[in-house]
Amino acid sequence: MTTPTTTQPDTARKFTAAMELPTASAPVYTTILDTDLGPLLLTSDGTHLTGLYLEVSEAIDARLDRMFGVEPTPEDDLEIFHRAEAQLGEYLSGHRTQFDLPLAAKGTEFQRSVWQALTQIPFGSTAGYGELAEMLGRPGAARAVGAANGKNPISIIVPCHRVIGADGSLTGYAWGEGKKRTLLTLETRP
545 MTTPTTTQPD
555 TARKFTAAME
565 LPTASAPVYT
575 TILDTDLGPL
585 LLTSDGTHLT
595 GLYLEVSEAI
605 DARLDRMFGV
615 EPTPEDDLEI
625 FHRAEAQLGE
635 YLSGHRTQFD
645 LPLAAKGTEF
655 QRSVWQALTQ
665 IPFGSTAGYG
675 ELAEMLGRPG
685 AARAVGAANG
695 KNPISIIVPC
705 HRVIGADGSL
715 TGYAWGEGKK
725 RTLLTLETRP
């Protein structure tokens, strides 16, 4: 595996679409995509992508229930799901380096600031938790940044896989080191 390079705050690119707050009373729609990474569960409020999970399980169902407080409705025919599927396919085949999708992630103000900072780590690069804390103007908040990173509901598109340990280790990825390594390798291959 080619070792990804670490980004510095002054070299970070801005994400093309800011995350919006989800509407409190919005419905939750889901679809499952079959990919080379395995099944991906996507969630939406009908307009925005609100979640991308790298597994389909009862634990994810319980997380969605806690987050939204409503029963998700399976819906395969939303425009946002079609756009996400097309862009994820391009990304996984090595033909896309940025996503252009409307996002609405449910979280605290601090979590959302961390998730927005994640979108500024360039494709093919990595950053440490401390670097992200510095980017946010909170140099002593590396652990809080790590906790927020672990609650990122929109994996891949909000690239939490690009965060590594201070020693360069592939630590702290909710979906496992193997998937993290796969995504980082995908982003660094010629």
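Throughout, the working numbering is defined as the position within the sequence shown, counted from one, plus 544.
Ideal Cβ placement from N, Cα and C applies to all residues, glycine included.
| Check | Outcome |
| --- | --- |
| For T594 and A649, which I take to be in contact (beta-carbon distance under 8 Å), what is that distance rounded to the nearest angstrom? | 7 Å |
| Should the segment 689-702 be regarded as contacting the segment 655-662, the criterion being three or more beta carbon pairs within less than 8 Å? | yes |
| In the structure shown, what three-state DSSP assignment does T551 receive? | Residue placement at T551 cannot be trusted, given a pLDDT of 39 that sits under 50; what the coordinates show is reported in the next sentence. Reduced to three states, the DSSP call for T551 is coil. |
| Cutting at 8 Å between CB atoms, please list the residues of its own chain near L662, excluding the five before and the five after it. | L676, N693, N696, V702, P703, C704, R706 and V707 |
| Could you pull out every residue in the same chain whose Cβ sits closer than 6 Å to the Cβ of A570, ignoring the five residues on either side in sequence? | D589 |
| Find out if the Cβ-Cβ distance for the pair G672, G709 is shorter than 8 Å. | yes |
| Alpha carbon to alpha carbon, what distance is there between L636 and D620? | 20 Å |
| Where do the N-terminal and C-terminal ends of the alpha helix (DSSP H) with Y673 fall, by residue? | Y673 to M679 |
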